[in-house]
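What follows is a short report on a single structure.
Residue numbers (the UniProt record's numbering): 1 to 684.
Structural data, given as structure tokens:
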């Protein structure tokens, strides 16, 4: 027989709320909901820079073309044909049609649809919990600012929809609504086939089951005729069924073992410890998105309610669990924002108003809606303006080795290659199923423990490169070049006489072995003066200053680099320096502006433009350039000195003195700043 409908919990004592409830049909609520939806969509409408996305697409396409999930690993040449689990296969199969039909707009449609679906359900959860005013919509926008880091068409974008749906089902049941808990079995199956985080869904289900059991032991005295409390046994059955159905995936128990394997073994490996998303929270990257306020405010609000006799056991456990795992692994930020959204919204929206309700909550609903709409925009303004996540539809090209792969294809570069794992996704998208251009290591860092150990030290120990190359005798190496100062592997390969640099742009450098099948490519395309790494920067500057013939040869090779790729900011930056040495300030300015058009973060480009402005008698424009350099690249050594010089030219001696002093506080050994300040102090 079907279980009887669960009884509704008796309402708590009436308390004046700081956020009076509104009907879903109320115009003020609808207008605020539209504003919140726009804010949430804006949060996830920045350009894509996720290097994993093209492997997701390539695998998804392979699944559709073969009408099956590959049972063997086909994505790297060392692991080819082995019995590896294919992660997130269902997500990839679902994502591919969006790309196939709409291209980049299809990927954004995925982002927008999944985000709106998730936050729409989270808002519904908050209303189920009693927060029926306008504040929950502002909280949803805040949580979307935290979630945005994980919104780049990743498997988590599907998971947050599943998580929100399960939470809505469970909280609806717990609050006395209709019991749709059997639907969670289907959610569990999708989750287990879509992402390694499937255990979170089971954990949530177990928590609600335990809470229901505790509640049934101490039943709440209900009003007459309210019926019996909800049965706890049904959730237990659903939990068992959800765990069982999770085994219905192409890889069986091995897929379900993955999160435990990571916790017990993989997380202790040096390579995994070096991955940014597996590290603790980077607070510099979360300064303006509301994360700190939420991590402090949510537990304070929950404690406030608990002290007034309204402890929510489910919320308390979810708060502690998700806060803990997020603090130690920022890959959980999206899940933390998802879980926090409805409960923080409830806790804030149902606060009892203090004696003498604040004036703002006595305003008509329309006026309160106007304030809430302004709040939806105000809370996100700083985060939406961050240059790290530029708003727009498209890819950030500096993350994808398009031109390097063009060169490989045009010149027949193939064989047993080495690659940085974050370049593997695009390599697979371009070249799979060709065996001679498969990556050495893919986005999942697939490989033996010994290979992962050596890879982990490649960017700091030259011996690790020698050992790995001795083991595999690579034909070529494709190494990332977005950041060259912190990538010694480029310097190791520059110094390795067995390899020749044949291609370099802002994304990647391609080295080929001088002996063997790629020897003709090495002879024809080897750079002789231009290095890939940053270890020879000082040597280049010295030789350029002392030898005009060397400057000419280097400029010619940089010109070739410009012709080989539109991602040429680094080459143009060097050409600008050469032009400055030769006194061609107009040409230097052109190169710097072109470099910034390619990479807005080109190091010290704005500073050099500011120095040119100072030389040309435009201190106001110079000051704007120096400030833009600081906005894009932070407080670089010497930059405060330049700001002070601009103020001195503007005639503001006080501001100039303050900036000279600021430079000396940061860099006490800067003689130019010390001399500039001394001249001002001495009246010079």
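For each residue, glycine too, the CB sits at the ideal point set by N, CA and C.
From a predicted model like this one, the values you see are computed outputs, not experimental measurements.
Contacts around residue i, its chain only, beta-carbon distance under 8 Å, and the 5 residues preceding and following it disregarded
i           : result
residue 269 : 449, 452, 453, 456
residue 531 : 490, 491, 494, 501, 540
residue 515 : 498
residue 429 : 54, 55, 57, 58
residue 472 : 78, 416, 418, 440
residue 281 : 291, 326, 327, 330, 333
residue 632 : 387, 600, 601, 606
Backbone secondary structure at residue i - three-state DSSP
i           : result
residue 513 : strand
residue 208 : helix
residue 603 : coil
residue 417 : strand
residue 447 : coil
residue 46  : strand
residue 272 : helix
residue 251 : coil
residue 500 : strand
residue 660 : helix
residue 395 : strand
residue 369 : helix
residue 198 : helix
residue 319 : helix
residue 134 : coil
residue 103 : coil
Residue j beta carbon less than 7 Å from that of residue i
i           : j           : result
residue 191 : residue 239 : no
residue 333 : residue 326 : yes
residue 313 : residue 211 : yes
residue 444 : residue 488 : no
residue 521 : residue 411 : yes
residue 39  : residue 142 : no
residue 569 : residue 599 : yes
residue 207 : residue 164 : no
residue 172 : residue 111 : no
residue 43  : residue 144 : yes
Cutoff 6 Å; reference residue i; Cβ partners in own chain excluding five residues on either side
i           : result
residue 575 : 558, 591
residue 147 : 334, 337
residue 510 : 404, 478, 502, 503
residue 401 : 423, 426, 507, 508
residue 114 : 157, 161
residue 73  : 79, 82, 84
residue 92  : 56, 59, 60
residue 345 : 126, 131, 136, 139
residue 622 : 610, 613, 614, 646
Neighbour-count burial assignment, residue i, 16 or more Cβ in a 10 Å radius
i           : result
residue 126 : buried
residue 311 : exposed
residue 537 : exposed
residue 534 : buried
residue 625 : buried
residue 433 : exposed
residue 676 : buried
residue 606 : buried
residue 32  : buried
residue 663 : buried
residue 51  : buried
residue 685 : Outside the shown range of the chain (1 to 684) lies residue 685, about which nothing can therefore be said.
residue 645 : buried
residue 133 : buried
residue 641 : buried
residue 474 : buried
Contacts around residue i, its chain only, beta-carbon distance under 7 Å, and the 5 residues preceding and following it disregarded
i           : result
residue 630 : 639
residue 196 : 87, 258, 259
residue 253 : 247
residue 203 : none
residue 421 : 441, 442, 443, 445
Legend entry - Segment contact, 8 Å Cβ cut-off, at least three pairs: the segment 470–486 with the segment 284–302: no
Inset, instruction - Examine the Cβ distances between the segment 236–253 and the segment 177–197 and report whether three or more of them are shorter than 8 Å. - result: yes
Inset, instruction - Could you say if the segment 100–111 and the segment 147–160 meet the contact criterion of at least three C-beta pairs nearer than 8 Å? - result: yes
Legend entry - Cβ contact check for the segment 40–48 and the segment 389–401: 3 or more pairs under 8 Å: yes
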